[in-house]
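K.L.:
Residue numbers (UniProt numbering), protein chains in the order written: chain A, 1 to 197; chain B, 1 to 197. Even glycine gets a Cβ: it sits at the ideal position worked out from N, Cα and C.
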DNA sequence: ACTACAAAGGTGGCAGTGTCTACATTCGAG
DNA sequence: CTCGAATGTAGACACTGCCACCTTTGTAGT
């Protein structure tokens, strides 16, 4: 607890926390390793001990983002009720997360990640899709979803929600409130996934 | 036609062309004004005469992208046939464009544009949505689409396709061929948009 | 208890970038 | 023909990521 201990002690986590905050406020482009080091009262090369690259830091942020997103999705999917209701809850949770962390989402899905962390990110992204696939499989068992590979139907569902979030963040929704667009999207999606009458 | 004329003559368009090429190959992050100037045999500050900012160049690229995308969409929508078939053609055209120009798409939809050009970009994006809305209105007239504001249904349709393209580019589609995922997405979308039975 | 080593942080430097200001050249309208 | 505006040049500044080398600190092994 001296004034400025030589070893920071929690530099790695401190970097991640601060980077997360900067990312949310200024976007990925506004994230500078040197500025981060300054903010934490540490030399400009210190971050390199914990993150080889700037990209390594960004990848770590993306991993963190996927982890939290997946937790949120799992939480929404675990609620009681029929599969269809839980699917809409899942969709709302996803869009909620997306709209709350715009630059994080961009980081997570614009795949310019390093080769090594790319595998981990893909796996994490896949986990989120798996949650949706599980729900769809349940819906199929309950007879409220068309037959077919649940994983592929999950891809379609995910696409719709992710696209909607992107549209909203891009300001392309115009005067349409996101809530209403989301309701319609979920309605159309569920109707599309329902078994052919 | 001297060796190195003081005035380049077509610097602005040359910059755009070269920038487009670099963008496609190295992404937006790899686009440097100075490198561009070097490539064109011009001083490092010359580009500033045509693009105030680096961001201004990126915005111009986004505008160009939207213009071409809209042209492609309009072409697909103008084909003969029933509205539903033209809607799938529209979707295929969109995904085709998206997958062919990944960094361009990211530039177009990750809204960190300057205030002034933001309006133009929104308008261009809106134009693309308008094409879809028109087709949906036709489908409604033909009785193959549920009632409701065509613009809002277009938002949903656009979301699905855009999201699918993003998923594909992010490598989240895994072993699923894009074609198959696209077919399924279009099928689900059309079923979801169809009138309630 | 001492030593040796590895982890964590610090210093300095290099090449590259975007942007600003001042200056040079060219073009085109009057 | 002249003069101003458009276009391109030269130089500088602050900033960035990254690298090589040095210093401090904690710790493990004898």
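Can you tell which of A:20, A:24 and A:50 has the C-alpha that lies nearest to the C-alpha of residue 11 of chain A?
P.N.:
Considering only alpha carbons, the answer is A:50.
K.L.:
Excluding sequence positions up to five away, which residues of its chain have a Cβ less than 8 Å from the Cβ of residue 88 of chain A?
P.N.:
186 and 190
K.L.:
Along the chain, which unbroken stretches of the alpha helix (DSSP H) at least 4 residues long are found entirely within the UniProt DNA-binding region "H-T-H motif" (32-51) of chain B?
P.N.:
Qualifying alpha helix (DSSP H) stretches, in chain order: 33-39.
K.L.:
Does residue 156 of chain A come within less than 9 Å of chain B when only Cβ atoms are used?
P.N.:
yes
K.L.:
Need the endpoints of the alpha helix (DSSP H) that residue 134 of chain A sits in, please.
P.N.:
115-141
K.L.:
Please return the same chain residues whose Cβ sits closer than 8 Å to the Cβ of residue 169 of chain B, not counting the five positions on each side in sequence.
P.N.:
If we look at residue 169 of chain B and ignore the five residues flanking it on each side, its Cβ neighbours are 98, 99, 102 and 105.
K.L.:
Reducing DSSP to helix, strand and coil, say where residue 146 of chain B ends up.
P.N.:
coil
K.L.:
Counting only C-beta atoms, is residue 29 of chain B closer than 9 Å to chain A at any point?
P.N.:
yes
K.L.:
I want to verify the contact list: residues of chain A whose CB lies under 7 Å from the CB of residue 34 of chain B, in sequence order.
P.N.:
By Cβ distance, chain A contributes nothing, its closest Cβ being about 17 Å from residue 34 of chain B, past 7 Å.
K.L.:
Could you say which of B:149, B:54 and B:85 lies nearest to residue 175 of chain A if we only look at CA atoms?
P.N.:
B:149
K.L.:
Residues of chain B with CB closer than 7 Å to the CB of residue 110 of chain A, please, in chain order.
P.N.:
106
K.L.:
Does the beta carbon of residue 136 of chain B sit closer than 9 Å to a beta carbon anywhere in chain A?
P.N.:
no
K.L.:
Mind checking residue 30 of chain A: buried by the 16 CB within 10 Å criterion, or exposed?
P.N.:
Exposed, since its Cβ has fewer than 16 Cβ neighbours within 10 Å.
K.L.:
Specify, as a first and last residue, the run of the alpha helix (DSSP H) that residue 179 of chain A falls within.
P.N.:
178-193 is the span of the alpha helix (DSSP H), which, as asked, contains residue 179 of chain A.
K.L.:
Once the 5 residues before and after residue 64 of chain A are set aside, which same chain residues still bring their CB inside 8 Å of it?
P.N.:
16 and 20
K.L.:
Suppose you measure from the CA of residue 120 of chain B to the CA of residue 46 of chain B; what does that come to, to the nearest Å?
P.N.:
25 Å
K.L.:
Buried or exposed, going by whether 16 or more other CB atoms sit within 10 Å of the CB of residue 145 of chain A?
P.N.:
By the 10 Å Cβ count, residue 145 of chain A comes out buried.
K.L.:
Under three-state DSSP, which class holds residue 168 of chain A?
P.N.:
In the structure shown, residue 168 of chain A adopts helical secondary structure according to DSSP, grouped into three states.
K.L.:
Report the neighbours of residue 93 of chain B on chain A: residues whose CB is nearer than 7 Å to its CB, in chain order.
P.N.:
Near residue 93 of chain B there are no residues of chain A at all, since even the closest Cβ is about 16 Å away, more than 7 Å.
K.L.:
Measure the C-alpha to C-alpha separation of residue 115 of chain A and residue 171 of chain B and round it to an integer number of angstroms.
P.N.:
12 Å
K.L.:
Please compile the residues from chain B whose C-beta is within a distance smaller than 8 Å of the C-beta of residue 101 of chain A.
P.N.:
Within 8 Å Cβ-Cβ: nothing; residue 101 of chain A doesn't reach chain B, min ~13 Å.
K.L.:
Assuming residue 164 of chain B contacts residue 95 of chain B under a Cβ cut-off of 8 Å, what Cβ separation, rounded to an integer in Å, is found between them?
P.N.:
Confirmed, Cβ separation roughly 6 Å.
K.L.:
Got a sec? Which residues, its chain only, sit under 7 Å from residue 74 of chain A by beta carbon, not counting five neighbours each side?
P.N.:
131
K.L.:
Alpha carbon to alpha carbon, what distance is there between residue 60 of chain B and residue 239 of chain B?
P.N.:
Any question about residue 239 of chain B goes unanswered here, given that chain B covers just 1 to 197.
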